[in-house]
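So the sequence shown is numbered by our numbering: it starts at 4 and just counts up by one.
Glycine is no exception: its CB is placed at the ideal position from the N, C-alpha and C atoms.
Small disclaimer: the values here were computed from a predicted structure and weren't measured.
Here the structure is laid out as C-alpha cells; the discussion comes afterwards.
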Amino acid sequence: MIRLSVVGSSSGGPTTLRVAGEIDVTTAQALRVAITGAAAVPGSELAVDMSGVTFIDCAGVDALVRAGDQLDRLCIQLQIVSPTLCVERILFLCELGHHFLFVYPVGRAVLALPAEIRDLRSSLPTQRDG
Numbered sequence: 004m005i006r007l008s009v010v011g012s013s014s015g016g017p018t019t020l021r022v023a024g025e026i027d028v029t030t031a032q033a034l035r036v037a038i039t040g041a042a043a044v045p046g047s048e049l050a051v052d053m054s055g056v057t058f059i060d061c062a063g064v065d066a067l068v069r070a071g072d073q074l075d076r077l078c079i080q081l082q083i084v085s086p087t088l089c090v091e092r093i094l095f096l097c098e099l100g101h102h103f104l105f106v107y108p109v110g111r112a113v114l115a116l117p118a119e120i121r122d123l124r125s126s127l128p129t130q131r132d133g
C-alpha cells in the first residue's frame with residue numbers, strides 16, 4: 004500500500020508530494036499519476052519526499068523515471084527529497100543518480116560524507132581552541 008499527499012507551497016518553494024509505504028507493480032502507476040498531477044505550473048519545481056518509502060521495485064523506478072521525463076519536457080525540476088536507503092540504493096544501482104536532483108536534510112548530508120572527511124571535521128579547530 005502507498006500513501007500519497009500533496010502539500011502546496013505558500014512561500015514560493017516547490018510543491019511537495021509526500022510518499023510513504025511500498026512502491027511496487029500495484030502502486031507505481033498511482034505514484035506516476037500523483038507526480039505528474041502535482042506538477043501544475045510549467046517551469047516550477049516539484050519535491051517528492053520519499054522519507055516514508057519502505058520498499059521500491061523496478062516498477063517504482065520506472066514510474067519515477069517516466070514521471071521525471073514528462074516533467075523535464077515541461078521544464079519542471081523533479082527533486083527526490085530524503086530518500087530512504089532502499090530508494091537511494093536502487094536508483095544508484097540502476098545508474099540513475101544523475102537523472103534526479105537529490106535533496107537531503109543537513110544532518111543526513113553530513114552522515115553521507117565519506118568517513119575520511121567526517122574524521123577530518125573532528126580535527127578542525129573550534130572557536131574555543133582559539
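Residue i, DSSP secondary structure in three states
| i | result |
| --- | --- |
| residue 25 | strand |
| residue 79 | coil |
| residue 71 | helix |
| residue 98 | coil |
Residue i: first and last residue of the uninterrupted alpha helix (DSSP H) it sits in
| i | result |
| --- | --- |
| residue 52 | No alpha helix (DSSP H) holds residue 52; the beta strand (DSSP E) holding it covers 48–59. |
| residue 39 | 31–41 |
Buried versus exposed call for residue i [16 or more other C-beta atoms within 10 Å across all chains shown]
| i | result |
| --- | --- |
| residue 17 | buried |
| residue 20 | buried |
| residue 53 | buried |
| residue 28 | exposed |
| residue 34 | buried |
| residue 43 | exposed |
Host beta strand (DSSP E) of residue i (start-end)
| i | result |
| --- | --- |
| residue 105 | 104–106 |
DSSP beta-bridge partners of residue i
| i | result |
| --- | --- |
| residue 19 | 10, 50 |
| residue 84 | 52, 106 |
| residue 5 | 24 |
Contact test: residue i Cβ vs the ligand NAP heavy atom, cutoff 7 Å
| i | result |
| --- | --- |
| residue 51 | For the ligand NAP, the structure offers nothing, since it holds no ligand at all. |
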